[in-house]
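Novice: For the sequence shown, the numbering used here gives the first residue as 4, with consecutive numbering after it. Glycine residues also receive a C-beta, built at the ideal position from the N, C-alpha and C atoms. These numbers were taken from a predicted model, which means no experiment stands behind them. Structure provided below as structure tokens; questions to follow.
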Amino acid sequence: MIPPSPELVVLGLSAILQAIQIALAGWSMGQDGLQQWNVGPRDGEPQFSARTGRLRRAVNNHFEALAFFTIAVVLVQFTQSNGGLTAACAWVYLIARALYVPAYALGWSPWRSLIFGVGFLATMLMILTALF
């Protein structure tokens, strides 16, 4: 078996982070007393606490960011443009996404946006490296 590139390792870890975020948002819904809504057909939108709402939005935001990051990793892999820069960018993306969760959940403004921007720029740099 060929060991995965650093970019592929980070992609896998990003998927694990997403699963943790989903579980954390589910736990927070439970703390809000919304277990039945969460396991039911989810008809209507209940009143979430501020924390639960933020955690759910962080999950959705990561799905969006993960789409771009996945494209970046695929491009890097297929163009074989892997290197120190793309590996570093991948790790920066993952660290930024991990920091984004508490930043969003705790309402750190403007830090949440800054953290998002760092991860997004790292992803775009990977794409540009693969294309040019």
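Relative to the C-alpha of Gln-24, which residue among Leu-128, Leu-131 and Ala-101 is closest?
Specialist: Here the question's residue 24 lines up with position 21 in the sequence shown. Closest in alpha carbon position to Gln-24, among Leu-128, Leu-131 and Ala-101, is Ala-101.
Novice: When the Cα of Leu-128 is compared with those of Phe-72, Asp-35 and Gln-39, which residue comes out closest?
Specialist: Here residue 128 refers to the residue found at position 125 when the sequence shown is read from its first residue. It is Phe-72 whose Cα lies nearest to the Cα of Leu-128.
Novice: Excluding sequence positions up to five away, which residues of its chain have a Cβ less than 8 Å from the Cβ of Asn-85?
Specialist: To locate residue 85, count along the sequence shown from 1; it is residue 82. These residues qualify, in order along the chain: Ser-8, Pro-9, Glu-10 and Val-79.
Novice: Between the alpha carbons of Ala-108 and Met-32, how many angstroms are there, rounded?
Specialist: Numbered from 1 along the sequence shown, position 105 holds the residue referred to as residue 108. Numbered from 1 along the sequence shown, position 29 holds the residue referred to as residue 32. For Ala-108 and Met-32, the distance between alpha carbons rounds to 13 Å.
Novice: In this structure, does DSSP put Asn-41 in helix, strand or coil?
Specialist: Your numbering for residue 41 matches position 38 in the sequence shown. Three-state DSSP puts Asn-41 in a helix.
Novice: With a threshold of 7 Å on Cβ separation, who are the neighbours of Leu-88 within its own chain once the five nearest residues in sequence on each side are excluded?
Specialist: Residue mapping note: residue 88 aligns to position 85 of the sequence shown, counting from 1. Only Thr-132 meet the Cβ criterion.
Novice: Going by beta-carbon coordinates alone, are Thr-126 and Ala-90 separated by less than 9 Å?
Specialist: Stepping through the sequence shown from its first residue, residue 126 is reached at position 123. Stepping through the sequence shown from its first residue, residue 90 is reached at position 87. Not a contact, by the Cβ cut-off of 9 Å.
Novice: Measuring straight from C-alpha to C-alpha, what distance separates Thr-82 and Gly-43?
Specialist: As a position in the sequence shown, residue 82 is number 79, starting the count at 1. As a position in the sequence shown, residue 43 is number 40, starting the count at 1. Straight-line Cα distance between these residues: approximately 45 Å.
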